[in-house]
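Here the structure is laid out as structure tokens; the discussion comes afterwards.
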Amino acid sequence: MNKQISNFNDYAKFYDLAYKNKNYSKEISFVKKKLKINKSSTLLDLGCGTFRHSIHIVQKVKKIIGIDQSKKMLKISRDRINKKKINKKKIVLKKASIIDFKYNEKFDSAYSLFDVISYITKDKDLKKFFFNLYKHLKPGSLLYLDYWYKPAIFHLKIKNIKSIYENNSFKIIREKKQKLNKSKKFVDVSMIFNIYNKINQKRYNFIEKHPMRFFSTIEIEKFSKKYFYLSQHLSNYSNSKPSKNKWQASTILVRK
Ligand SMILES: C[S@@+](CC[C@H](N)C(=O)[O-])C[C@H]1O[C@@H](n2cnc3c(N)ncnc32)[C@H](O)[C@@H]1O
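Converting from the sequence shown to the working numbering requires adding 186 to each position, the first position being numbered 1.
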């Protein structure tokens, strides 16, 4: 095995291929309605990744700041933005941690999509995250955060998953190994990537590791309630409640 990483930098190159069928446009339309986003809104996309959510709404808002700690994910965001005919002044990409980023402005709304807050595993960092967000949001602003849902993890059981992704240049075998951490607060996730480059016919591999924290609705509220009022608990870009049959994208919607 070549390398062990946990910063999305090797993964970045294959991220959009792995999620090519994810309906980003539909997801962000739902979030846009829930956050009452309009033409004059200024937004924070926390853990923006390759900017596939925000790209769909950037024309319809005043400003979006995409924050991510992975240089390579941000590079793909930048390329995506540059390919579009949009007013680039509306977008700022910032390489920083969502736990303690600093920006000299307060925003109307924020969202963190595809379980980004589950990457924050320590209580002290979760507390910092909510406090930092509080400082960067205007009074009355809405915040949409999705995360791994604890009852689903215990009901559906932790499994290993093998997936194959392919395009004209690469064939990728991704083995996702998942194990409940001793703390019983997060799952240790290792993704072993075996890459075959069809152009130069070379093979290589790498590992992306990231523990993923899960929460019950009460646990996530415990962190948010010091700074935010609860608006709703949701599941999977719908108005239904979090379900033990859906592992990802349980959401807490809160208001400052
Ligand atoms: C599963 S991806 C989601 C990306 C994007 N939101 C999407 O829906 O495709 C997780 C992203 O969160 C970023 N990330 C994880 N922890 C972070 C942190 N503490 N600060 C900033 N970015 C973080 C990773 O670099 C990665 O781009």
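Cβ atoms here follow ideal geometry from the backbone N, Cα and C, with glycine treated the same way. Here the structure is a predicted model, which means the values were calculated and not measured.
**Report entry** Assigned secondary structure, Leu342 (DSSP; H/G/I helix, E/B strand, else coil)
**Finding:** Against the sequence shown, residue 342 aligns to sequence position 156. It is helical.
Query raised in the report: What does DSSP give as the partner residues of Trp334 in its beta bridges?
Result: Stepping through the sequence shown from its first residue, residue 334 is reached at position 148. By DSSP's assignment, Trp334 forms a beta bridge with Phe400.
**Report entry** Where Asn188 falls, given that 16 or more other Cβ within 10 Å makes a residue buried
**Finding:** Mapped onto the sequence shown, residue 188 falls at position 2. Only weak support exists for where Asn188 lies, its pLDDT of 43 falling under 50; the value from the coordinates is given anyway. Classification of Asn188: exposed, given that the 10 Å Cβ count is below 16.
Report task. Check whether the Cβ of Asp196 sits closer than 6 Å to any heavy atom of ligand 1, and report yes or no. Result -> In the sequence shown, residue 196 corresponds to position 10, counting from 1. Incorrect: Asp196 has no Cβ contact closer than 6 Å to ligand 1.
Report task. Please find out if some non-hydrogen atom of ligand 1 comes closer than 6 Å to the beta-carbon of Ile285. Result -> On the sequence shown, residue 285 is found 99 positions in, with the first residue counted as 1. Yes, Cβ of Ile285 sits closer than 6 Å to a heavy atom of ligand 1.
Query raised in the report: Near His239, what residues of its chain come up, given a Cβ to Cβ distance below 6 Å and the 5 sequence neighbours on each side ignored?
Result: Taking the first residue of the sequence shown as position 1, residue 239 is located at position 53. Cβ neighbours of His239 beyond the five flanking positions: Tyr210, Ile214, Leu299.
Query raised in the report: Per DSSP, Ile278 forms a beta bridge with which residues?
Result: Position 92 of the sequence shown holds residue 278. According to the sequence provided, residue 278 is Val. The question's Ile does not apply to it. Partner(s): Ile251.
Query raised in the report: If you drop the 5 nearest sequence neighbours on each side, which residues of the same chain put their C-beta closer than 8 Å to that of Asp301?
Result: One-based indexing of the sequence shown puts residue 301 at position 115. Within the same chain, Asp301 has close Cβ partners Asp332, Tyr333, Trp334, Met398, Gln434, Ala435.
Query - Any non-hydrogen atom of ligand 2 within 6 Å of Gly233 CB - result: Ligand 2 is not part of this structure, which contains only ligand 1.
Report task. Can you say whether Val297 is buried or exposed, counting buried as having 16 or more other CB atoms within 10 angstroms of its CB? Result -> If you number the sequence shown from 1, residue 297 lands on position 111. Note that residue 297 is Tyr in the sequence shown, not Val. Tyr297 should be labelled buried.
Query raised in the report: Is the beta carbon of Lys280 less than 7 Å from the beta carbon of Ile253?
Result: Position 94 of the sequence shown, counting from 1, holds the residue named residue 280. Position 67 of the sequence shown, counting from 1, holds the residue named residue 253. Yes.
Query raised in the report: What's the gap between the Cα of Leu319 and the Cα of Tyr289?
Result: Here residue 319 is taken as the residue at index 133 of the sequence shown, counted from 1. Here residue 289 is taken as the residue at index 103 of the sequence shown, counted from 1. Computed Cα separation, rounded: 10 Å.
Requested in this report: Taking the CB atoms as reference points, tell me whether Ile350 and Lys362 lie closer together than 7 Å.
Outcome: Looking up residue 350 in the sequence shown gives position 164. Looking up residue 362 in the sequence shown gives position 176. Against a cut-off of 7 Å, the Cβ pair of Lys362 and Ile350 comes out as no contact.
Query raised in the report: Can you give the beta carbon distance from Tyr390 to Phe356, rounded, assuming they're within the 8 Å contact cut?
Result: As a working note, residue 390 is residue 204 in the sequence shown. As a working note, residue 356 is residue 170 in the sequence shown. That pair is no contact at about 11 Å.
**Report entry** Residue from Asp309, Asp231, Ile378, Ile303 whose Cα sits closest to the Cα of Arg360
**Finding:** The residue given as residue 360 occupies position 174 in the sequence shown. Checking every option, the nearest Cα to that of Arg360 belongs to Ile378.
Requested in this report: Could you tell me if Glu291 is buried or exposed, where buried requires 16 or more neighbouring beta carbons within 10 angstroms of its beta carbon?
Outcome: Here residue 291 refers to the residue found at position 105 when the sequence shown is read from its first residue. Label assigned to Glu291: exposed.
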